[in-house]
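In full-length UniProt numbering, the protein residues as written are 1 to 69.
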């Protein structure tokens, strides 16, 4: 599970699956669909993202994610 660091107001933010705010304490929930207060197909989206991230890092690339509010 990826961990984002140096995010103002947080010790760290994870990127993981979940469908509602109750599935997170401020982390990023990934999904392929959304509606009011709901993220859908989250596990599928996370699997796709984790593979992409893993492939990038194994190829020696860096990955930067900017969090804004």
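By construction, the Cβ of each residue, glycine as well, lies at the ideal position given by its N, Cα and C atoms.
Distance, residue j Cα to residue i Cα
i, j, result
"residue 7", "residue 25", "14 Å"
"residue 30", "residue 47", "10 Å"
"residue 41", "residue 57", "25 Å"
"residue 43", "residue 55", "18 Å"
"residue 70", "residue 27", "Missing from the structure shown is residue 70; the chain here goes from 1 to 69 and no further."
Counted within 10 angstroms of its Cβ, other Cβ atoms place residue i as buried (16 or more) or exposed
i, result
"residue 13", "buried"
"residue 5", "exposed"
"residue 39", "buried"
"residue 22", "exposed"
DSSP bridge partner residues for residue i (one or two, in chain order)
i, result
"residue 13", "4"
Element boundaries [alpha helix (DSSP H), containing residue i]
i, result
"residue 42", "42 to 58"
Boundaries (first-last residue) of the beta strand (DSSP E) holding residue i
i, result
"residue 33", "33 to 35"
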